[in-house]
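For reference, the structure is listed below as structure tokens.
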Amino acid sequence: MIKILIADDQELIRESLKIILSTNNEFEVIDTVGSGKEVVESIRRHIPDIILMDVRMPDMDGVQCTKFVKEVYPEIKVIVLTTFDDDEYIFSALKYGASGYLLKGVSLDELTSAIKTVLQGGAIFNPNVASKVTKIFSEMAKNNIVAERIHDEDLPNLSDTEWKIIQQVSQGLSNKEIAEILKFTEGTIRNYLSVILDKLQLRDRTQLAIWYIHRGKEA
1 MIKILIADDQ ELIRESLKII LSTNNEFEVI DTVGSGKEVV ESIRRHIPDI
51 ILMDVRMPDM DGVQCTKFVK EVYPEIKVIV LTTFDDDEYI FSALKYGASG
101 YLLKGVSLDE LTSAIKTVLQ GGAIFNPNVA SKVTKIFSEM AKNNIVAERI
151 HDEDLPNLSD TEWKIIQQVS QGLSNKEIAE ILKFTEGTIR NYLSVILDKL
201 QLRDRTQLAI WYIHRGKEA
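Position 87 of the sequence shown, counting from 1, maps to 87 under the UniProt record's numbering, and the rest follow consecutively.
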């Protein structure tokens, strides 16, 4: 059973989402909350697998709340579900560890697929947002923003397999998809990814993707 926490300052939205998601017997909506403070309190009580997070909420907005969640509970996945496709919101949400950014109005099938993709280690974006993500990553690479501290002379030794995994992570593939391509188990890919992140001193697969694009490395 996938445990879901819904965070939205509009009661109608969060209750509607709860009703819709509860029709899927794989999902359990463990709580619905209306503010960043309530998100923190709910996590401490329930420990969800995934949070559907609105951006604009009282006490602590969705971006800052995502930052807190990923710092304190890195195993919890966050999908930002909002009406705002502002570049700053998108960049900040990704920077702080969100695994997805969807606009309200997605279908139940799309939302269900997004939840499962993210829990399998992938990332998911609304089509309108995806083009902005590509643009943001491109601009970050041009402006030399990400991974400044890792220069070629400081680059740790990475195997051919590790480079292949890095390349596929940068393309948004999940651990399961990478495992199928490389003929490994999903657990083996998770172990490889953990070692890679440790070697490069990066927090998560989103930072890894940004670093790879920044470096312009062709594995």
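Idealized CB from N, CA, C, for every residue including glycine.
Give the DSSP bridge partners of residue i, in chain order.
{"i": "Ala7", "result": "Val33, Met53"}
{"i": "Lys77", "result": "Ile50"}
{"i": "Tyr101", "result": "Val80, Phe125"}
{"i": "Phe27", "result": "Ile2"}
Figure out for me which residue from the options has the closest Cα to the Cα of residue i.
{"i": "Lys95", "options": "Leu108, Val106, Ser107, Val80", "result": "Val80"}
{"i": "Ser159", "options": "Glu186, Leu173, Ile124, Leu200", "result": "Leu200"}
{"i": "Val39", "options": "Glu26, Asp54, Asn25", "result": "Asp54"}
{"i": "Asn25", "options": "Gly100, Thr112, Leu102, Asp9", "result": "Thr112"}
Near residue i, which residues of its chain fall below 6 Å by C-beta distance, leaving aside the five closest residues on each side in sequence?
{"i": "Leu12", "result": "none"}
{"i": "Lys67", "result": "Tyr96"}
Distance, Cα to Cα, residue i vs residue j?
{"i": "Gly97", "j": "Glu28", "result": "23 Å"}
{"i": "Met57", "j": "Lys183", "result": "44 Å"}
{"i": "Leu197", "j": "Gly105", "result": "35 Å"}
{"i": "Ile178", "j": "Gln168", "result": "7 Å"}
{"i": "Glu41", "j": "Asp204", "result": "24 Å"}
{"i": "Gly36", "j": "Ile165", "result": "35 Å"}
{"i": "Asp109", "j": "Ile115", "result": "10 Å"}
{"i": "Thr83", "j": "Leu102", "result": "8 Å"}
What residues in its chain sit with their C-beta under 7 Å from that of residue i, if we drop five residues either side in the sequence?
{"i": "Ile30", "result": "Lys3, Ile4, Leu5, His46, Pro48"}
{"i": "Glu162", "result": "Tyr192, Ile196"}
Please determine if the stretch 118-125 and the stretch 172-181 are in contact, where contact requires at least 3 C-beta pairs separated by less than 8 Å.
-> Pairwise C-beta distances place the stretch 118-125 in contact with the stretch 172-181, as three or more of them are shorter than 8 Å.
Touching or not, the stretch 83-92 and the stretch 13-24, by the rule of three or more beta carbon pairs under 8 Å?
-> They do not touch, by the three-pair rule.
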